[in-house]
């Protein structure tokens with residue numbers, strides 16, 4: 054699935070994906086509320102890897 058991209062196109066894609074990641078993390082934090090902890094996040098990561 055990789056395609057030939059120039060450095061500028063690659064950098065733009067990385068920036069776009071990082072922006073989307075930040076938005077998703079912020080939305081997730083809003084949905085989980087202020088009681089979410091690092092422990093909750095680590096448990097989620099372990100479940101999602103299984």
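Residue numbers (this note's numbering): 54 to 103.
Where is the CB? At the ideal position from N, CA and C, for every residue including glycine.
- Note on geometry: alpha-carbon atoms of residue 64 and residue 72 lie some 12 Å from one another.
- Judged by DSSP in its simplified three-state form, residue 87 adopts coil rather than helix or strand.
- For residue 76 and residue 98, the gap between their C-alpha atoms comes out near 18 Å.
- When secondary structure is reduced to three states using DSSP, residue 72 falls in the helix class.
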